[in-house]
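When we follow numbering that gives the first Met the number 0, the leftmost residue of the sequence shown carries the number 0, and every step to the right adds one.
The structure appears below as structure tokens.
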Amino acid sequence: MPQKNDTTSKRKKEHIELCLTDKVEFKKKTSGFKNYDFKHFALTEVDLTNISFETKFFKKKINYPFLISCMTGGSSEAENINARLADVANQLNVILGVGSQRQALEDKNYHRSYKIIREKAPDIPVLGNIGAAQLVKIKSIDPFKKLIDMVEADAMVVHLNPLQELLQPEGEIEFTGLRKKIVKLVKELRVPIIVKEVGSGISKEAAKILLESGVKGIDVAGSGGTSWAGVELLRSKKNNDEIFWDWGLPTSYCIKEVSSLKKKYNFILIGSGGINSAMDMSKAFALGSDITASA
Ligand SMILES: Cc1cc2nc3c(=O)[nH]c(=O)nc-3n(C[C@H](O)[C@H](O)[C@H](O)COP(=O)(O)O)c2cc1C
Numbered sequence: 000m001p002q003k004n005d006t007t008s009k010r011k012k013e014h015i016e017l018c019l020t021d022k023v024e025f026k027k028k029t030s031g032f033k034n035y036d037f038k039h040f041a042l043t044e045v046d047l048t049n050i051s052f053e054t055k056f057f058k059k060k061i062n063y064p065f066l067i068s069c070m071t072g073g074s075s076e077a078e079n080i081n082a083r084l085a086d087v088a089n090q091l092n093v094i095l096g097v098g099s100q101r102q103a104l105e106d107k108n109y110h111r112s113y114k115i116i117r118e119k120a121p122d123i124p125v126l127g128n129i130g131a132a133q134l135v136k137i138k139s140i141d142p143f144k145k146l147i148d149m150v151e152a153d154a155m156v157v158h159l160n161p162l163q164e165l166l167q168p169e170g171e172i173e174f175t176g177l178r179k180k181i182v183k184l185v186k187e188l189r190v191p192i193i194v195k196e197v198g199s200g201i202s203k204e205a206a207k208i209l210l211e212s213g214v215k216g217i218d219v220a221g222s223g224g225t226s227w228a229g230v231e232l233l234r235s236k237k238n239n240d241e242i243f244w245d246w247g248l249p250t251s252y253c254i255k256e257v258s259s260l261k262k263k264y265n266f267i268l269i270g271s272g273g274i275n276s277a278m279d280m281s282k283a284f285a286l287g288s289d290i291t292a293s294a
């Protein structure tokens with residue numbers, strides 16, 4: 000029987016390999032940005048030589064409203080990838096998300112694959128990351144405090160990925176008590192909590208519950224980019240379940256819906272899922288995102 004930690008590292012490796020070698024994007028559904036266009040306004044009085052993209056992300060100043068989405072950690076390959084991502088993020092002074100730190104809870108073998116990020120990028124905002132499936136199991140949040148210290152995280156991300164877990168051969172599909180655990184994290188961690196999806200999108204209804212729970216950031220991670228149902232179907236070679244490949248809420252729809260909650264709640268809205276160009280980013284901002292992200 001393989002050890003659990005070996006299994007987690009192996010899975011991380013397979014995810015990266017598949018994303019590099021296979022077609023893992025949504026097949027029919029798009030992010031929806033193509034359905035929008037800008038209304039040209041010729042009578043501008045803006046000094047076009049003097050546009051700054053600088054903004055704030057919680058307490059830190061960043062040069063561009065951009066986040067490199069949470070991707071990897073917890074395997075031998077991850078150290079090199081995270082070192083390079085951290086280098087780039089540091090040079091541009093943008094935000095960097097760490098991949099799921101679940102593996103770091105299991106053993107210390109690959110702690111360096113996460114810690115390398117702060118060595119390479121001491122000043123940028125860095126986001127810790129853990130899955131809902133792990134969160135529901137914990138009794139005390141102390142291990143999560145260690146995950147924050149490990150990367151000196153400026154915020155902690157919880158990823159919601161029920162479809163991915165369902166289609167993953169070794170997936171964990173017990174989410175009872177999740178909302179209470181999110182409230183516990185909000186109350187007991189010293190950094191803000193951001194909640195994201197991984198490509199199926201966060202609806203207005205889900206976002207409202209999260210914001211009522213004290214969450215300070217929502218990353219919609221909608222449909223139109225990487226399909227994690229697709230990745231897991233490729234891993235398990237269960238092509239007969241293709242019905243789920245295109246499951247989810249398009250990114251542009253999620254951004255528009257969730258941004259309407261800004262009238263009542265104070266939070267950072269991250270638009271992601273199929274953001275592939277500066278034009279996608281511009282449309283995501285026009286629809287209400289504060290920051291855009293891409294994996
Ligand atoms: C190789 C890879 C690994 C990923 N691992 C994680 C992860 O550990 N935690 C997480 O929250 N999201 C993870 N994601 C999901 C992304 O953060 C993102 O939400 C999703 O891929 C949709 O964005 P995209 O269309 O820009 O790829 C991963 C994505 C990729 C490509």
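Built from N, CA and C at the ideal position, the CB exists for glycine as well.
Source: prediction; values computed, not measured.
Contained beta strand (DSSP E) runs [length at least 3] in the segment 122-151, N- to C-terminal order:
125-130
Pull up the distance between the alpha-carbon of G272 and that of K119, whole angstroms please.
26 Å
At the level of alpha carbons, what is the spacing between F32 and L184?
Spanning the alpha carbons of F32 and L184 requires a straight line of approximately 34 Å.
Helix, strand or coil at I61 [DSSP, three-state]:
strand
Taking the Cβ atom as the reference point for each residue, do L134 and L177 lie within a distance shorter than 9 Å?
yes
For V182 versus I217, is the C-beta distance shorter than 9 Å?
no
Using the Cα positions of A285 and K114, report the straight-line distance between them to the nearest angstrom.
36 Å
According to the neighbour-count rule (16 or more other Cβ atoms, all chains shown, within 10 Å of its Cβ), is S68 buried or exposed?
Its Cβ being crowded by 16 or more others within 10 Å, S68 is buried.
In the DSSP output, what is V194 paired with across the bridge?
V157 and I217
Inter-stretch contact at 8 Å, needing at least 3 Cβ pairs: the segment 216-236 / the segment 262-269:
yes
Considering Cα atoms alone, identify which of D279, E173 and A103 is closest to T29.
D279
Thinking just about the alpha-carbon of each residue, which of I193, S251 and D153 is nearest to the one in N34?
S251
May I have the straight-line CA-CA distance separating L305 from L17, to the nearest angstrom?
Only positions 0 to 294 of the chain appear in this structure, which leaves residue 305 out of reach.
I94 - containing beta strand (DSSP E), residue span
I94 to G96
Cβ-based burial, F143 [other Cβ within 10 Å; buried from 16]
buried
Rounded separation between H14 and F25 - CA only:
For the pair H14 and F25, the Cα-to-Cα distance works out to about 16 Å.
What is the residue span of the beta strand (DSSP E) that G270 lies within?
I267 to S271
Since E78 and R111 should fall inside the 8 Å C-beta cutoff, what is the C-beta to C-beta distance between them, to a whole number of angstroms?
6 Å
Quick one, which of K55, P64, E211 and M70 has its alpha-carbon nearest V197's?
Distances from the alpha-carbon of V197 to those of K55, P64, E211 and M70 put M70 closest.
Rounded separation between D5 and V157 - CA only
23 Å
Measuring alpha carbon to alpha carbon, tell me which of L47, A154, I80 and N128 ends up nearest Q100.
N128
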